[in-house]
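Residue numbers (this note's numbering), protein chains in the order written: chain Y, 1 to 238; chain C, 239 to 476.
Don't be surprised by glycine CBs; every beta carbon is placed ideally from N, CA and C.
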DNA sequence: TAGATTGTTAATCGATTAACAATC
DNA sequence: TAGATTGTTAATCGATTAACAATC
């Protein structure tokens, strides 16, 4: 595959979602001074199977060497390239409440190629305050900060304001939105929305936890009289 | 399907992940005073197809009425039941930095059936402070607060401490962990971990954004001389 | 060359979707 | 009854997995 095929060949969504994990693992390996890594070892570090990893990488092109493995630095560069991380992306955060405040100060973004360049809110009490080194601006200032198509918007406003603020982001030229409000946003075609729903995550955990509890309470096997000794497992589940 | 089949019939993971969305939409409809909703209308509210919704609900049992739709209150109760939300779940948050602080104060958990019952940290400067009405305790106090198997642990510590703290959570009896640290946690069988990786979400958005940019820059169709007028679309992508 | 490990093939699995018979 | 809408079937699609030929 050609070097300049970045961005022109289809990569399955499931693969895209794993690329950041591979990238991070490679960073760790590079810092540890490793030159080369096998698909087996890298997959193990990320918690997936090696076949899946090789298949994922095959969608980006083939950067490994049979019998040897992958060059850590080279593979890191290739994946970073595909993720568009050769230059940092600008991020604006809208809604500087509890969560927005935390996101503004979150070091993890900077480490992974993002730069928070604007904080916005319309609650009169926060506007003007300095948070994580940036002065919080009113929403009306969005167009002054957003570079159309090149800025990611993070939405950390209450559910009832999310759609309205999203519309303003889109109007200002934002084409990628990370939404923390538990609502379905309607956006025009060409705008990409991802949703992080913190309460949902807990609910999914609760679903499985309850399942364990219910199953654990019920007998694992029917109690039949038996001549051979039987190990009864109670409450032990996957 | 029987009432008491809750927790005993297999529900596909993809379906489980959507149940919280359905539940929330039903809450909104119930508040709006709606008695009944069709799969078409509910699906529209959640942003999925109606066939998918009906298929999802069919895994829980069949609570609809042909020709009529679903009883809003009844369906809400059924889904809440399956999600184990008839009684609230207790949640402990470990790592009261930027993010943990925000999570402790996040109202969305309480609204959706969770109760934050403990905040923990080992950084000497936070321990003892009161955050969102709770005093931050040292990790050593975990066993005093955790009810084995019935408490969800939220991990908001730096990556390098995540595994160690996770081990302590598990030792205290936590069987469900929501992990915000960008690391792969190793846990014994029977412990359920979900990961929320904020930077990853941005990276996935960046991948698609870059793709739009690259494709937009390239000509959409080969430029051939043509007798008929041609509409050239530049930069317009899905 | 012999051993190791990739990249790819083919089989399997799970999720989505459209269509429609069942039925209120 | 006629119209509406569910629950289910069958077809399709996409993702995972194991196995192995290619090749360093």
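Check: CB residue 356 (chain C) to CB residue 383 (chain C), shorter than 8 Å?
Finding: yes
Next item on the list: Could you spell out the range, first to last residue, of the alpha helix (DSSP H) harbouring residue 405 (chain C)?
Entry: 397-410
Next item on the list: Measure from the alpha carbon of residue 413 (chain C) to the alpha carbon of each residue in Y:180, Y:213 and Y:174, then state which is nearest.
Entry: Y:213
Next item on the list: Go through its chain and collect everything with a Cβ distance to residue 421 (chain C)'s Cβ below 7 Å, but skip five positions before and after it.
Entry: 397, 400 and 401
Check: In the structure shown, what three-state DSSP assignment does residue 253 (chain C) receive?
Finding: helix
Notebook entry, point to check: Using 8 Å as the threshold, is the region 432-445 of chain C in touch with the region 200-207 of chain Y, meaning 3 or more CB pairs across them?
Noted result: yes
Next item on the list: Following the continuous beta strand (DSSP E) through residue 153 (chain Y), name the residue where it begins and the one where it ends.
Entry: 151-155
Checklist line | Option in Y:124, Y:14 and Y:105 with minimal Cα separation from residue 116 (chain Y) | finding: Y:105
Notebook entry, point to check: Where residue 380 (chain C) and residue 206 (chain Y) are concerned, what is the direct C-alpha to C-alpha distance, given to the nearest angstrom?
Noted result: 20 Å
Notebook entry, point to check: Do three or more CB pairs link the region 55-75 of chain Y to the region 293-303 of chain C at distances below 8 Å?
Noted result: no
Next item on the list: For residue 118 (chain Y), go through chain C and note every residue whose CB falls closer than 9 Å to its CB, in chain order.
Entry: By Cβ distance, chain C contributes nothing, its closest Cβ being about 15 Å from residue 118 (chain Y), past 9 Å.
Next item on the list: Please classify residue 15 (chain Y): is it buried, with 16 or more other beta-carbons within 10 angstroms of its beta-carbon, or exposed?
Entry: buried
Checklist line | Alpha carbon of residue 108 (chain Y) to alpha carbon of residue 152 (chain Y), nearest angstrom | finding: 16 Å
Note to self: I'd like to know if residue 477 (chain C) contacts chain Y, where contact means its C-beta is closer than 8 Å to some C-beta of that chain.
What the structure shows: Nothing about residue 477 (chain C) can be read from this structure; chain C reaches only from 239 to 476.
Item checked: Simplified DSSP assignment, three categories, for residue 271 (chain C) -> coil
Checklist line | residue 335 (chain C): first and last residue of the uninterrupted alpha helix (DSSP H) it sits in | finding: Premise fails: residue 335 (chain C) is in no alpha helix (DSSP H) and is neither H nor E.
Next item on the list: Locate the alpha helix (DSSP H) running through residue 416 (chain C), then write down its first and last residues.
Entry: From DSSP, residue 416 (chain C) is part of no alpha helix (DSSP H) but of the beta strand (DSSP E) over 414-417.
Item checked: Through-space distance from residue 34 (chain Y) to residue 42 (chain Y), alpha-carbon basis -> 11 Å
Item checked: Beta-carbon proximity check, residue 392 (chain C) vs residue 403 (chain C), cutoff 8 Å -> no
Check: If you measure from the beta carbon of residue 343 (chain C) to each beta carbon in chain Y, is any gap under 8 Å?
Finding: yes
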